[in-house]
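These notes concern the structure reproduced below.
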Amino acid sequence: MHASRRTSKTLSLALTLGLLLSIQSAALACTSILVGKKATVDGSVMTSHTVDGWYDQRVVVVPGKTFPAGSTAPVYKNLCYQTKPTAPLQKVGEIPQVAQTYTYFHSGYPFMNEHQLMIGETTIDGREECVNETGWFTIEQLEVFALQRAKTAREAIKIMGALAEQYGYGDYGEALTLADTQEAWLFEIVGPGPLWKPGSGKPGAHWVAVRVPDDSVTVSTNTSRIGEVNPADQDHFLASTNLTDFAKDQGWWKPGTTFSFKKAYGENPYPRLFNQKRRLWRVYSTLAPSQKFDPAQDPRNTDYPLFVKPEKKLSVRDIMAILRDHYEGTPYDLTKGLAADPFGTPDRWKTPASLAPKGYENTEWERAISIFRCSYSFVSQSRSWLPDPVGGVAWVGMDAPHSTVYLPFYCGNTSTPKCIAEGKRAEFDRDSAFWAFQFVSNWANLRWDAMMKDIRAAQKGYEDDAFLNQPSIEKQAADLYKKNPAEAVKLLTDYSNANATKVVEGWWKLGWTLVGKYHDGYITEPGGKQTSPGYPTEWLKKVGFGETMLQPKN
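According to mature numbering (1 follows the signal peptide of the UniProt record, and there is no 0), the sequence shown holds residues -29 to -1, 1 to 525 in order.
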């Protein structure tokens, strides 16, 4: 996703330095992992998403409705920013409404509907020359219509593609990971270029989708992943009309050669490739270590496979663990070195180019999968053997994955609790779940090594309880669904909301406990005993501890 919607009045085919810098510094965000049903421990199809930046963290259930003939549906831009006062909602038009919409879960990037259709997202930018600001659609608005109108991933892709082609895609390139009870699909889309106009008879977007093999995993990390495309093989590929013609006209593809979507449309400037492909390497090397993927190669010359078969079948908790990763135990470990401060914090705040050392103006810190600026993340399961309201579950965590607690919400739920559905972002909000986790994660930076032990213990306790309860609550709901579907839905809604409320209240309590326990360099135990653990010896050596106070030698 974008750190900001880059909107300029005119688009030049020749990139200026300013545009290059804006592309490099923006959208270094989001990781999405997509897992086929034969690669999971239970046969579910899974996807995930870390929503990394200031995006609407509220999760609201939007009920499905019926509409009379002739109804219309509004189309908005800035839909993902609705807790950000500087990015007001912009209505750009209306399209014909369908007779029946499905219930879906709305957030900055909507992610689940009542039929177990799940969607994750990452921005891939692509070529500047593809952007068309007159296009109506951004990716999050396409997600809304997909979740309201589709039951399967394949159907969702066709709906989004048709809408974007008709009304125009008006943003930088995006990728979506789509999962239903049977299939996993990766979808990528870019705009039609600045000269496209509605009614021109040409498609208002260029897009492609590929089905992930059932026994495999793919990952999207802010760079186009889809290479060779075979639109004739509709079991495994879906694509826009006129896909290759625009690339040919622009000189990005030569007829007679193999067409690659990422080579034609997915160009990204050099510095960003490290951030993108390092995360890709980390996921693949974790899931398939025997393949010995090399992280140190020049990313311009490193082409990781689109799919990888994991060497063991994956659970929800396996994906959660990856989302919490900071490259621990690798040469890129963000908890090590002087930049991690004495206590091993992995957070690396954005550094303006004007402050960077000479020669490093266009570089960045290493960018881990778990990052402090995350609004929320989720891991979803779509399970064919359960009724839809029970089978679809998204484990949602507010704020950074490493210090959140993942909370289960079922796709049949009719509401989310107030602390999840509401909440300010531009100011501290005691009623918001986001701020409970934001508060704890920020306080932990004062003494990361010590406080994270307390945080992980609390995190594990809450998540252990949720996973322990999952089989029994789902069996109750599935049995009840056969007799009384409405009561089954109520059971799941009440369970999810009570659990979320309990955890959020507990997290506020944890935060204040940490304030009392860790302050002024001391660790204060119950009863008042204090210890001062000081600083690691190696760090003291590196920063010159005591050198100004040594007695001068005669």
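Every residue gets a Cβ at the ideal spot worked out from N, C-alpha and C, and that includes glycine.
DSSP, read as helix, strand or coil, puts S3 in strand. Around the C-beta of M520, fewer than 16 other C-beta atoms lie within 10 Å, and the residue is accordingly described as exposed.
If you draw a 10 Å sphere on the C-beta of H207, you find fewer than 16 other C-beta atoms in it, and that means exposed. The bridge partners DSSP lists for L285 are T11.
Taken through DSSP and simplified to helix, strand or coil, E154 comes out as coil. A distance below 8 Å between beta-carbons, with the five flanking residues on each side excluded, links T257 to the following residues of its chain, in chain order: I293 and D296. Counting along the chain, D96 sits inside the beta strand (DSSP E) bounded by residues M89 to D96. The way I'd put it, the stretch 130 to 144 doesn't touch the stretch 70 to 86; fewer than three beta-carbon pairs between them come closer than 8 Å. Counted as a single uninterrupted DSSP element, the alpha helix (DSSP H) harbouring Q112 occupies residues I110 to R120. Taking all protein chains in view, the Cβ of D289 is crowded by 16 or more other Cβ atoms within 10 Å, so the residue is classified as buried.
The DSSP assignment places complete alpha helix (DSSP H) segments of no fewer than 4 residues inside the stretch 216 to 267 at 232 to 236 and 241 to 258, in order along the chain.
Between R344 and E398, the alpha-carbon positions lie close to 15 Å from each other.
Taking the Cβ atoms as the reference, P270 lies roughly 4 Å from L244, within the contact range of under 8 Å. Taking 9 Å as the cut-off, the Cβ atoms of K48 and Q112 count as close.
Among the bridge pairs identified by DSSP, R295 is matched with none. Sixteen is the threshold: when 16 or more other Cβ atoms of the shown chains lie within 10 Å of the Cβ of D318, as they do, the residue is buried. Contact annotation, V183 with L157: C-beta distance approximately 6 Å; criterion of less than 8 Å satisfied. The straight-line gap separating the alpha-carbon atoms of A176 and N213 is approximately 10 Å. Where V460 is concerned, the enclosing alpha helix (DSSP H) starts and stops at P456 to K488. Contact between the stretch 59 to 67 and the stretch 27 to 40 is absent, with fewer than three C-beta pairs closer than 8 Å. Ranked by Cα distance from T94, the first of A44, R196, R125 and E126 is R196.
Under the DSSP assignment, W366 falls in the beta strand (DSSP E) whose first and last residues are V364 to M369. Nearest Cα to V376 within the set W479, S171 and K512: W479. Contact annotation, Y52 with Y80: C-beta distance approximately 11 Å; criterion of less than 8 Å not satisfied.
The C-beta distance from W107 to G144 rounds to 17 Å, too long to fall under 8 Å, and the pair is not in contact. The beta carbon of I90 sits closer than 6 Å to the beta carbons of F82, E114, L147 and L149 from its chain, once the five residues preceding and following it are set aside; these are given in chain order. In the three-state reduction of the DSSP assignment, D204 falls in the coil class.
Separation of F116 and C390 (C-alpha to C-alpha, rounded to the nearest whole angstrom) is 26 Å. For E126, the enclosing alpha helix (DSSP H) starts and ends at A124 to Y138. The alpha-carbon separation between K168 and R125 amounts to approximately 27 Å. A428 carries a helical assignment under DSSP once its states are collapsed to helix, strand and coil. Note that the C-beta distance between T18 and V31 is not below 9 Å. Straight through space, the alpha carbons of S3 and D265 are spaced by roughly 21 Å. Taking a 10 Å sphere around the C-beta of L60, we find fewer than 16 other C-beta atoms and assign the residue as exposed.
In the three-state scheme derived from DSSP, where H, G and I count as helix and E and B as strand, I340 is classed as coil.
Counting only residues of its own chain and dropping the five nearest sequence neighbours on each side, E393 has a CB closer than 8 Å to the CB of R29, D402 and S403.
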